[in-house]
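Reading through the structure tokens given below for one structure.
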Amino acid sequence: MVMEAVRAILIPYLEPIAAWFRTLGFPEPIIHWGHPLMMGIVIFVLGSFTAWVGWQGRISQDTETSIKNRRSHRKLAPWLFLFISLGYTGGVLSLVMQEQSIFESPHFWTGSLVVFLLALNGFISATKFGGNKEALKTTHAYLGSFAVLVMFIHAFLGLSLGLSI
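In structure tokens:
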């Protein structure tokens with residue numbers, strides 16, 4: 009019932025945007041597989057690498073290596089969040105363009121969860137881990153790892169969705 013109300017509110021805003029994109033004459037394979045291809049790159053390349061350098065910065069015994077990896081993580085993580093957020097928006101529009109229901113897809117819900125988890129993790133980081141608290145640094149590390157795991161599940165669900173429509 010609530011989802012139907014949300015859908016009734018969103019679709020009138022999303023459909024005109026999707027209709028405009030439909031007029032551009034993109035080939036169907038681009039509309040259908042463009043989002044999965046680009047987001048696959050973001051998730052498996054940028055997401056994995058961002059998580060990897062974050063953990064290397066955390067566990068490295070060499071101070072110089074740790075600082076280098078933390079610096080890389082700090083530079084990459086905002087880009088990951090930006091691309092995931094833009095991809096989320098593009099994925100929703102892709103579903104609307106293909107006249108598919110948004111809220112019925114587990115892929116939509118895992119995507120929403122990923123955006124939420126990354127935003128929460130970015131907030132934790134932006135607070136400077138609550139004044140450099142070790143518990144928040146640990147929470148950040150494991151929450152980010154969980155977000156990457158959900159991204160992988162999300163990619164699998166997206167492939168399943170793409171093959172079903």
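Numbering (the numbering used here) for the sequence shown: 9 to 173. Backbone N, C-alpha and C fix where the C-beta goes; we use that ideal spot for every residue, glycine too.
- Note on geometry: alpha-carbon atoms of Ser153 and Ile110 lie some 26 Å from one another.
- With contact defined as three or more Cβ pairs closer than 8 Å, the stretch 37-51 and the stretch 136-143 are not in contact.
- Counting only the Cα atoms, Leu22 lies some 9 Å from Met105.
- A straight line joining the alpha-carbon of Gly42 with that of Trp117 spans about 20 Å.
- Distance from the CA of Ser74 to the CA of Leu94, rounded to the nearest whole angstrom, comes to 30 Å.
- Judged by their CB atoms, Tyr96 and Val123 are nearer to each other than the 7 Å cut-off.
- When rounded, the separation of the alpha-carbon atoms in Leu126 and Thr31 is 34 Å.
- By the Cβ-count criterion, Met11 is exposed, with fewer than 16 other Cβ atoms from all chains shown falling within 10 Å of its own Cβ.
- Thr58 is classed as buried because its beta carbon has at least 16 other beta carbons within 10 Å across all chains shown.
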